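**Student:**
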Amino acid sequence: MEYKYKTVMVVDDNQIDLYIAEMVMATTKFAEKVICIGSAKEALDYLKPLNDRPDELPHLIFLDINMPEMTGFDFLNEYKNLPENIRKKCIIMMLTTSLDESDRKQAEENVFVKRFLNKPLDRDKIAQLL
Amino acid sequence: MHDAYLDQVKQKSDKLMNYFLISFFMCGLLLAFFYDTWLVGIGIGSLALIAYYTTRRLLPNSDTYQYIVSLVFGIFMAQYIYQMHGLFEMHFIAFIGSAILITYQNWKLQIPLALLVIVHHATFGYLQYIGYDKVYFTQLDYMTLQTFTIHGILATIVFFICGLWAWRLKKFSETQIEQTYEMGRFQEEQLQRKALLQSNEELRKSNKELDRFVYSVSHDLRAPLSSMLGVVGLCEMGNMEPFIEKNVSLLKSSIKKLDGFIMDILDYSRNSRTEINRQEIHFDDLLTDICNNLKFMCTEEQRKVAVRTKIQNGIAFYSDRSRLSIILNNLISNSIRYQNPEAADPFVEIYVEISASSAEIRIRDNGIGIDKENHEKVFNMFYRVSTKSVGSGLGLYIVKETVEKLHGVIDLESVPGKGTAFSIHLPNLAS
Amino acid sequence: MKKALTIALLLVTFSSMACIFWYTDWKYSLPTPVPAKYRPVSTGSYVELAGKLPVAGNKPVFLHFFNPDCPCSRFNIPYFKALVRKYGDRISFGIVVLNNQSYSAKQIQDKFDIDIPVSFDSTVAAACGVYSTPQAVLLDAGHHLYYRGNYNKSRYCSDSRSNFAQMAIDSLFGSVPRPAFPGLALKAYGCTLPVCTQK
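Protein chains in written order, with numbering that gives the first Met the number 0: chain B, 0 to 129; chain L, 0 to 430; chain R, 0 to 198.
#1: What are the partner residues of A420(L), as DSSP defines its beta bridges?
#2: If we require 4 or more residues per run, which alpha helix (DSSP H) segments fall completely within the stretch 54-83 of chain B?
#3: The alpha helix (DSSP H) that contains L250(L), what's its start and end?
#4: Based on the DSSP secondary-structure assignment, which residues constitute the bridge partners of C89(B)?
#5: Go through its chain and collect everything with a Cβ distance to F172(R)'s Cβ below 8 Å, but skip five positions before and after it.
#6: What residue range is occupied by the uninterrupted beta strand (DSSP E) comprising R147(R)?
#7: If you compare alpha carbons, which of L144(R), F111(R), K2(R) is closest to D62(L)?
#8: Leaving out the 5 sequence neighbours to the left and right, which residues in its chain are closer than 6 Å to Y401(L) when beta-carbon positions are compared?
#9: Using only alpha-carbon positions, find the residue among T96(B), M22(B), R114(B) that is nearest to F221(L).
#10: Using the three-state DSSP reduction, which class does K2(R) fall into: helix, strand or coil?
#11: List the residues of chain L whose Cβ lies closer than 9 Å to the Cβ of R114(B), in chain order.
#12: Kindly list, in the order they appear in chain R, the residues whose Cβ is closer than 7 Å to that of D62(L).
#13: With distances taken between CB atoms, is the gap from A358(L) to F421(L) smaller than 7 Å?
#14: Between the alpha carbons of E300(L) and T27(B), how many angstroms are there, rounded?
#15: Classify P34(R): buried if its beta carbon has 16 or more other beta carbons within 10 angstroms, exposed otherwise.
#16: In angstroms with no decimal places, state the Cα-to-Cα distance between F65(R) and L97(R).
#17: Starting from F33(L), trace the alpha helix (DSSP H) in both directions and tell me its first and last residue.
#18: Report, in whole angstroms, the separation of the C-beta atoms of H142(R) and L48(R), which I expect to be a contact under 8 Å.
#19: Along the chain, where does the beta strand (DSSP E) containing F64(R) start, and where does it finish?
#20: Name the two residues that bound the continuous beta strand (DSSP E) containing S91(R).
#21: Can you tell me which residues form a DSSP beta bridge with P340(L)?
#22: Would a check of beta-carbon distances place L30(L) closer than 7 Å to chain R?
#23: Only counting runs of 4 or more residues, tell me where the alpha helix (DSSP H) segments fall wholly within the stretch 24-101 of chain L, in order along the chain.
#24: Thinking just about the alpha-carbon of each residue, which of S131(R), V40(R), N99(R) is nearest to the one in S72(R)?
#25: Which residue wins for smallest C-alpha separation from E348(L), given the options G366(L), S356(L), P340(L)?
#26: Where do the N-terminal and C-terminal ends of the alpha helix (DSSP H) with C234(L) fall, by residue?
#27: Mind listing the chain L neighbours of I76(R)? Cutoff is C-beta to C-beta under 8 Å, in chain order.
#28: By DSSP, does T95(B) sit in helix, in strand, or in coil?
#29: For the stretch 28-41 of chain B against the stretch 60-72 of chain B, do three or more pairs of beta-carbon atoms, one drawn from each stretch, fall closer than 8 Å, so that the two count as touching?
#30: Check whether the Cβ of I19(R) lies closer than 7 Å to any Cβ atom in chain L.
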């Protein structure tokens with residue numbers, strides 16, 4: 000069975016949630032390579048040097064909102080300052096437990112965010128993305 | 000407020016009167032030295048004071064004693080004239096008395112004094128004129144009619160002016176009081192307004208804090224739950240022994256229950272404290288969203304419940320979308336949850352009729368129904384009808400609160416074993 | 000209840016005042032009681048003044064009987080002064096002081112503010128038949144009693160129509176006929192003479 004995506008990145012400060020995402024994607028053969036990053040800052044640091052090697056950039060980025068130090072929205076603010084190569088390649092999905100309407104609205108207004116998903120990530124939600 | 004001022008005027012004037020009357024009495028004693036007029040000086044003076052003070056003591060609440068004091072001034076004048084055996088200048092005492100009376104701010108007090116002077120003059124002048132010999136008080140030169148008239152007119156003018164000043168003083172103090180009162184009221188209003196603004200500000204602040212608190216708490220409570228559900232999902236994706244599988248399933252339902260409860264609290268908090276967001280409602284979209292969310296509700300044990308919708312469109316309907324979503328979500332999920340296992344074809348039917356002034360929404364199912372005696376109680380907080388109740392007990396309470404927040408009305412019809420129908424009337428917030 | 004009491008009290012007070020006034024006036028109108036050993040001196044009798052009062056010889060004499068302690072006498076002062084001012088050149092005026100305390104002549108003259116002879120001899124009173132103060136005694140040029148009586152209708156009266164002393168003077172000088180002096184003029188009123196306690 001073919002993997003849908005080659006590389007996917009998940010950004011979440013919760014270890015268990017990272018583990019769940021990884022396992023679900025592996026089981027559903029959603030992505031060949033899943034990069035788990037524990038903070039938004041680390042994610043930016045990972046992406047920046049990949050400007051020269053766009054092949055290694057993830058196709059999708061699953062982004063949690065509520066993270067310490069730098070939230071998902073802070074990441075989005077920094078993201079728009081990244082070079083165009085990166086921005087063109089990566090599609091961002093918000094993945095969060097937040098039920099707040101304003102969060103949803105803010106995410107959907109952002110030009111880089113494709114979808115707004117509620118945790119937990121499971122088989123059915125992945126199926127929707129295919 | 001005016002009465003308090005009048006009281007003050009009265010008290011101050013009374014105090015002044017004490018001093019004046021004592022002085023008058025002393026003058027009487029002084030004058031007695033001239034011609035040994037002790038009987039008159041002491042007798043008349045003390046009788047006058049007795050008349051005044053007893054009236055004041057016996058009838059403290061009426062102003063009769065003030066009229067008595069007016070007479071007393073006239074009497075003292077007569078006394079001094081008598082003591083000096085006709086010294087005409089003593090008539091000025093009447094004018095002094097007239098001026099003193101201004102302090103009571105009552106022009107009517109001039110009357111007894113004026114009357115005493117005029118009647119006394121007129122009577123004795125007349126008696127003198129007709130030559131009545133036996134009368135006393137005829138120590139003065141014969142008073143011609145002309146003299147009498149001139150004196151009368153001048154005296155009346157003095158009394159009139161004093162009365163006028165008394166009246167004007169009263170009017171002036173009345174306007175002063177009113178103005179002060181108005182000013183005071185205005186200031187009070189200002190203060191109240193300021194206090195109100197301040198408390199509004201504080202309320203706004205604490206509401207905002209509460210909002211953030213609720214948001215944080217619900218979020219921090221839900222995060223681990225979602226992790227748990229995720230892990231449970233992982234288990235389900237693998238191969239499990241029936242024993243483990245059963246346990247995992249129980250785990251899952253408990254977690255979902257807890258999560259549902261937290262979301263109910265969130266809904267309740269948001270409903271009671273956020274503003275109504277007016278927007279146009281597209282019922283078809285709304286119901287589609289809700290049904291999508293609820294698709295995942297049915298477990299294998301439950302049968303799929305058919306959701307039928309009938310929307311009469313045409314007129315635009317405006318209301319708060321998120322609140323409407325909460326209402327419909329709760330009612331529809333209830334219908335699914337409490338379906339009748341014996342019914343062949345379980346369904347929930349949503350019927351919407353929109354008019355210019357309102358929307359009538361009817362949610363009808365053929366579930367297990369609710370007993371008539373519980374029709375009122377189901378809307379209570381944390382009320383659960385039976386042990387078979389699956390929810391938190393908050394659902395219908397939240398529905399009712401939300402409907403009422405939108406200024407609507409909700410009704411319940413139900414027959415146990417047959418089904419339940421909820422009717423909601425919501426005003427169209429079109430304008 | 001209180002109203003009735005107040006009204007009653009006021010009525011009593013005011014009528015008491017009226018009574019006082021009435022009573023006092025009545026007292027004032029009473030004539031002086033005639034002393035026990037009074038010897039009347041009729042008009043026309045000769046009054047010996049020699050040695051008692053330094054008055055000029057051939058002018059009419061007006062004697063003013065005065066007691067500083069007597070209120071009616073004190074009241075009388077301005078009227079007497081007016082008479083002196085009016086007739087001082089034609090009549091010899093003199094004051095006879097009837098009093099127990101010793102005043103000096105100067106003090107009496109200061110009271111009146113006029114410079115006329117003062118006598119303290121009480122026998123003059125008996126000689127003139129005077130038994131109260133104030134009294135006016137008018138002697139003609141020959142020192143015969145022309146008028147002895149009150150100054151006015153009543154003690155404190157100043158009605159110019161009944162100014163008897165003035166009328167007496169006028170009639171003496173012949174400008175008006177001698178009026179028939181009513182009882183009010185002749186029946187003396189005023190303070191009784193003090194009993195002489197000095198010797």
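Even for Gly, the Cβ is constructed at its ideal location relative to N, Cα and C. Computed from a predicted model, the values in this text were never measured in an experiment.
**Tutor:** According to the structure shown:
#1: According to DSSP, residue pairing for A420(L) in a beta bridge involves R363(L), E412(L).
#2: Every alpha helix (DSSP H) stretch that sits fully inside the stretch 54-83 of chain B and reaches 4 residues is listed by chain position as 71-78.
#3: 241-272
#4: The partner list for C89(B) (beta bridge, DSSP) is empty, contrary to what the question assumes.
#5: R89
#6: 144-148
#7: K2(R)
#8: For clarity, residue 401(L) is Thr in the given sequence; the question names Tyr instead. Excluding positions up to five away in sequence, the list reads N270, R322, I325, I326.
#9: The question names Phe, but residue 221(L) in the sequence shown is Arg. Out of T96(B), M22(B), R114(B), T96(B) has the C-alpha closest to the C-alpha of R221(L).
#10: Three-state result, K2(R): helix.
#11: Correct list: empty, because the minimum Cβ distance to chain L is about 14 Å.
#12: Simply none; closest approach about 13 Å.
#13: Contact flag unset, no.
#14: The predicted position of E300(L) is uncertain, since its pLDDT is 47 and thus under 50; a value taken from the coordinates is nonetheless stated next. Going by the C-alpha atoms only, they are around 26 Å apart.
#15: exposed
#16: 6 Å
#17: 1-34
#18: 6 Å
#19: 60-65
#20: 91-96 is the extent of the beta strand (DSSP E) around S91(R).
#21: Answer by DSSP bridge pairing: none, since P340(L) is not bridged.
#22: no
#23: 37-57, 63-82, 91-99
#24: Minimum Cα distance to S72(R) is reached at S131(R).
#25: Closest in C-alpha terms to E348(L), from the list G366(L), S356(L), P340(L), comes G366(L).
#26: 144-236
#27: Chain L residues near I76(R): none, gap ~11 Å exceeds 8 Å.
#28: In the structure shown, T95(B) sits in a strand (DSSP, three-state: E or B).
#29: yes
#30: yes
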